[in-house]
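The structure appears below as structure tokens.
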Amino acid sequence: MTTVRLGIIGVGSMGAFHLRNLLDKKVQRVTVTAVCDIDPAKLAAYPDCAHFTDSAALIRAGVVDAVLVVTPHYAHTTIGIDALQNGLHVLVEKPISVHVADAQKLIAAHTSPTQVFAAMFNQRTDPHYAKVRALIQQGELGELRRVNWLITNWFRTQAYYNSSAWRATWGGEGGGVLLNQCPHNLDLLQWLCGMPAKVRAHCFFGKYHAIEVEDDVTAYLEYANGATGLFVTTTGETPGTNRLEITGDRGKVVVENGTITFHRTVASVKNFCMSDPSLFGTPEVWQVQIPAHDSGGQHVEILQNFVNAILDGTPLVAPAEEGIHSVTLANAMLYSAFTDRTVTLPLDAAAYARKLQELIATSTLTKAAAPKAAADLAGSFNKA
Ligand SMILES: NC(=O)c1ccc[n+]([C@@H]2O[C@H](COP(=O)([O-])OP(=O)(O)OC[C@H]3O[C@@H](n4cnc5c(N)ncnc54)[C@H](O)[C@@H]3O)[C@@H](O)[C@H]2O)c1
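By numbering that gives the first Met the number 0, the letter at position 124 of the sequence shown is numbered 123, and the numbering carries on one by one without gaps.
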């Protein structure tokens with residue numbers, strides 16, 4: 000194979016965005032040969048490829064080698080499993096699934112080592128986060144002590160939530176800011192700092208919008224080594240902030256406003272603390288500006304990486320299996336808020352799925368899932 004035949008499933012706002020990048024030839028060695036959407040009106044704009052209104056038919060038509068799944072969230076799991084079980088390479092939008100039990104089912108369907116299974120965590124291509132990751136992995140920051148991420152610049156209007164029936168409902172989206180906007184940040188958080196051992200969160204549901212899901216979250220994290228963290232997010236605040244601060248035994252790194260500043264202590268803080276004779280001294284700090292420009296290749300880079308992985312065996316920037324961590328963090332924060340307790344990881348996936356089913360069953364906002372979405376929903380819980 001020299002060119003990947005790609006099918007796009009879900010041609011709403013993000014599917015159309017990916018299609019523009021692909022049709023403008025921003026990604027090499029790939030041709031879009033099929034598009035699929037349950038709304039046939041969305042397909043007319045793409046006359047040069049095969050049209051489907053049923054993902055199962057596209058997956059079995061023999062016209063694609065790979066699919067990009069850009070549907071509402073519950074269908075990521077059902078369509079992803081169907082595509083993987085039918086031998087296709089799969090690139091799935093974030094979140095890989097709505098809940099951990101679903102993510103486990105999806106990951107279990109990836110059984111062939113020759114099959115490429117990736118997730119659209121485009122923010123991993125941002126050089127700021129890649130540089131901080133390298134800094135942590137090289138031991139420059141020393142052992143993790145604290146991570147604070149204030150990510151409140153995800154402001155969304157009520158019109159945004161009203162724009163599609165599935166948005167901001169337990170049955171359609173499966174959550175709010177944690178399931179739609181923050182999968183990126185939660186993925187980066189675990190990519191940089193690993194997974195916490197415990198999560199305690201406070202979530203407000205429909206605090207700033209007429210929605211039933213969370214739009215304001217404050218979460219406390221605790222890591223196995225005793226490091227702690229704070230993750231704060233909302234879609235209801237503007238002007239918002241995006242400030243990531245990670246402190247280790249050798250200083251503090253801050254990512255904000257497109258810059259990375261490393262406040263580097265010349266000595267280990269732990270050693271200084273235990274050996275310095277002064278009462279109020281602090282170790283000398285060197286301030287280092289770490290160069291990182293622009294925001295990286297983002298969606299195009301993830302798409303090109305997916306194609307290169309299929310054709311050349313290039314390692315993935317974001318293997319889909321790693322997507323279970325951001326799902327776990329989002330679920331754990333919500334479960335902590337629902338139960339008013341600290342959640343110890345690993346999360347009880349079945350208990351969370353039951354809670355989600357209960358929320359769907361008692362939802363007063365029946366912004367009516369389309370029949371197909373109802374099938375995806377049923378598929379999501381039938382083995383959970
Ligand atoms: N990576 C990013 O930066 C980014 C940005 C925005 C959205 N997203 C993700 O993209 C996905 C889609 O979001 P959106 O904003 O485009 O939503 P949207 O509502 O605009 O589009 C979804 C489309 O999927 C179609 N659809 C629904 N169920 C389907 C099914 N079973 N089979 C085929 N088509 C189906 C709908 O008709 C609609 O056209 C979500 O997972 C969202 O989280 C990612």
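We treat Cβ as the ideally placed atom computed from N, Cα and C, and that holds for glycine.
For clarity, every value in this text was computed on a predicted model and none was experimentally measured.
field: First through last residue of the beta strand (DSSP E) which encompasses Phe-203
entry: 197-204
- prompt: Which residues bound the alpha helix (DSSP H) around Gly-173?
  reply: Unbroken run through Gly-173: none, as it is neither H nor E.
query: Listed in chain order, which residues are found with a beta carbon closer than 6 Å to a heavy atom of ligand 1?
result: Ile-8, Gly-9, Val-10, Gly-11, Ser-12, Met-13, Gly-14, Cys-35, Asp-36, Ile-37, Asp-38, Lys-41, Ser-54, Val-69, Thr-70, Pro-71, His-72, Ala-74, Glu-92, Lys-93, Met-119, Asn-121, Ser-163, Asn-179, Lys-371, Ala-372 and Asp-375
field: Cα-Cα separation, Arg-263 to Ile-135
entry: Using only the alpha carbons, I get a separation of about 12 Å.
task: Could you tell me whether the region 144-152 touches the region 326-333, where touching means 3 or more Cβ pairs closer than 8 Å?
output: In the pairwise beta carbon analysis, the region 144-152 is classified as not touching the region 326-333: fewer than three pairs are separated by under 8 Å.
- prompt: By a C-beta neighbour count over all protein chains shown, 10 Å radius and 16 as the cutoff for buried, is Lys-24 buried or exposed?
  reply: exposed
message: Looking at the strands, I want to know which residues DSSP matches up with Arg-145.
response: Thr-227 and Thr-246
- prompt: Should Cys-35 go down as buried or exposed, given a rule of 16 or more other Cβ atoms within 10 Å for buried?
  reply: Note on Cys-35: 16 or more other CB atoms within 10 angstroms of its CB, so buried under the neighbour-count rule.
- prompt: Does the separation of the CB atoms of His-50 and Phe-120 fall below 8 Å?
  reply: At a Cβ-Cβ threshold of 8 Å, His-50 and Phe-120 do not count as neighbours.
message: Distance check for His-292 and Thr-341, CA to CA, integer angstroms please.
response: 39 Å
- request: For Ile-210, name the three-state secondary structure that DSSP assigns.
  value: coil
message: Measuring alpha carbon to alpha carbon, tell me which residue in Glu-236, Met-194, Phe-204 and His-208 is nearest Tyr-392.
response: As displayed, the chain neither begins before 0 nor continues past 383, which places residue 392 out of reach and without an answer.
- request: Determine the direct distance from the alpha carbon of Phe-261 to that of Val-287, and round the result to whole angstroms.
  value: 5 Å
- prompt: Roughly how many whole angstroms lie between the Cα atoms of Leu-364 and Gly-6?
  reply: 33 Å
- request: For Asp-215, write down the residues that DSSP places opposite it in a beta bridge.
  value: Phe-203 and Thr-233
query: At which residues does the alpha helix (DSSP H) containing Arg-132 begin and terminate?
result: In the DSSP assignment, Arg-132 falls within the unbroken alpha helix (DSSP H) covering 126-136.
- prompt: Of all the options Val-99, Pro-238 and Leu-229, which has the alpha carbon lying nearest to the alpha carbon of Ile-323?
  reply: Cα-wise, what sits closest to Ile-323 is Val-99.
Opening and closing residue of the beta strand (DSSP E) in which Phe-51 lies: 49-51
field: Residues that Asn-241 bridges to, as DSSP identifies them
entry: Ile-150
query: If we ignore side chains and look at the alpha-carbon of each, how far apart do Arg-4 and His-201 end up?
result: 45 Å
- prompt: Does any residue of chain B bring its CB to less than 8 Å from the CB of Ala-56?
  reply: This model lacks chain B altogether, as it is built from one protein chain only.
message: Using C-beta distances below 8 Å, list every residue in its chain close to His-17, excluding the 5 sequence neighbours before and after it, in chain order.
response: Ile-7, Leu-67, Val-69, His-298 and Leu-302
message: Taking its Cβ as the centre, do 16 or more other Cβ atoms sit within 10 Å of Gly-225, making it buried, or is it exposed?
response: exposed
Cutoff 6 Å; reference Glu-244; Cβ partners in own chain excluding five residues on either side: So the list reads Asn-147 and Val-253, once near-sequence residues are dropped.
- prompt: Which same chain residues, not among the five before or five after Met-0, have their C-beta less than 7 Å away from its C-beta?
  reply: Asp-64 and Leu-310
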